[in-house]
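Residue numbers (my numbering): 2 to 179.
We put the CB at the ideal spot given by N, CA and C, even for glycine.
Being a predicted model, the structure only gives us computed values, none of them experimental.
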């Protein structure tokens, strides 16, 4: 599919490349992160890594409504990632693909076609996945340290334990003899 690139101002008053379909109608997908402000942390790095797609297409829809598209060198599977929690990309960098999967289960992102997304990622494992971010090990170590340094006082630890492990008397009354 042939696409023309053009410079235009988006809804946020920022210049960025977007795509036009062959019929001349404007699509609201940005194809670069250059000139964009207020992006989620590490989104630009993830977007740049996704730009190494060999085939197919992935669209990212951010919580603020901005839409970004990466197209591979050849046509293929089209997938969409709708970002619910802007911390998704930091979690991906910090926890890798398992963290990304957990983020899906936690509702941090969604997709209209999970099978298409999984098929695209499977086909692109060698191009996009892996140690695809420059300095990833240092960034991942920094993110893990930052995560663990967040205050977890004794008081907060008690709350966490009570929340996760204290089933309460009502629970036990259901199955114990009185």
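message: Can you find the residues in the same chain that come closer than 7 Å, C-beta to C-beta, to residue 134, ignoring five residues on each side of it along the sequence?
response: With a pLDDT of 49 at residue 134, under the threshold of 50, the modelled position of that residue is not reliable, and the figure given next carries that caveat. Contacts found: 46, 50, 94 and 140.
- request: With residue 77 as the anchor, note down where its beta strand (DSSP E) starts and where it stops.
  value: Element bounds for residue 77: 75-84.
message: Is it buried or exposed, residue 109, if we count other Cβ atoms within 10 angstroms and call 16 or more buried?
response: Within 10 angstroms of the beta-carbon of residue 109 lie 16 or more other beta-carbons, which makes it buried.
message: Considering Cα atoms alone, identify which of 169, 59 and 87 is closest to residue 182.
response: This structure gives no information on residue 182, because the portion of the chain shown stretches from 2 to 179.
field: Identity of the residue in 117, 33, 113 and 58 nearest residue 75 by Cα
entry: A check of alpha carbon separations from residue 75 across 117, 33, 113 and 58 identifies 58 as the nearest.
query: Taking buried to mean at least 16 other C-beta atoms within 10 Å of its own C-beta, is residue 39 buried or exposed?
result: By the 16-neighbour rule on beta-carbons within 10 angstroms, residue 39 is exposed.
task: For residue 163, I'd like the list of residues in its chain whose CB is within less than 8 Å of its CB, leaving aside the five on either flank, ordered along the chain.
output: Answer for residue 163: no residue qualifies.
query: Could you give the distance in angstroms between the alpha-carbon of residue 68 and the alpha-carbon of residue 153?
result: Cα atoms of residue 68 and residue 153: separation of roughly 36 Å, rounded to the nearest angstrom.
task: Counting only the same chain and skipping the five closest in sequence on each side, list residues whose C-beta sits under 8 Å from that of residue 167.
output: So no residue of the chain qualifies.
- prompt: Does the Cβ of residue 73 have 16 or more other Cβ atoms within 10 Å, making it buried, or fewer, making it exposed?
  reply: With at least 16 other beta carbons inside 10 angstroms of its own, residue 73 counts as buried.
- request: Using beta-carbon positions only, say whether residue 84 and residue 64 come within less than 7 Å of one another.
  value: It is a contact, given that the beta carbons lie within the stated cut-off.
query: What's the call for residue 92, buried or exposed, on a 16-neighbour Cβ count within 10 Å?
result: Classification of residue 92: buried, given that the 10 Å Cβ count is 16 or more.
message: I believe residue 79 touches residue 117 by the beta-carbon criterion, under 8 Å. Please report the beta-carbon distance rounded to the nearest angstrom.
response: Here residue 79 really is in contact with residue 117; their C-beta atoms are around 7 Å apart, less than 8 Å.
- prompt: Opposite residue 53 in the DSSP bridges: which residues?
  reply: Beta-bridge analysis with DSSP links residue 53 to no other residue.
message: With H, G and I counted as helix, E and B as strand and the rest as coil, what does DSSP make of residue 110?
response: If DSSP states are grouped into helix, strand and coil, residue 110 belongs with the strands.
message: On the DSSP bridge list, what partners appear for residue 62?
response: Beta-bridge partners of residue 62 (DSSP): 68 and 83.
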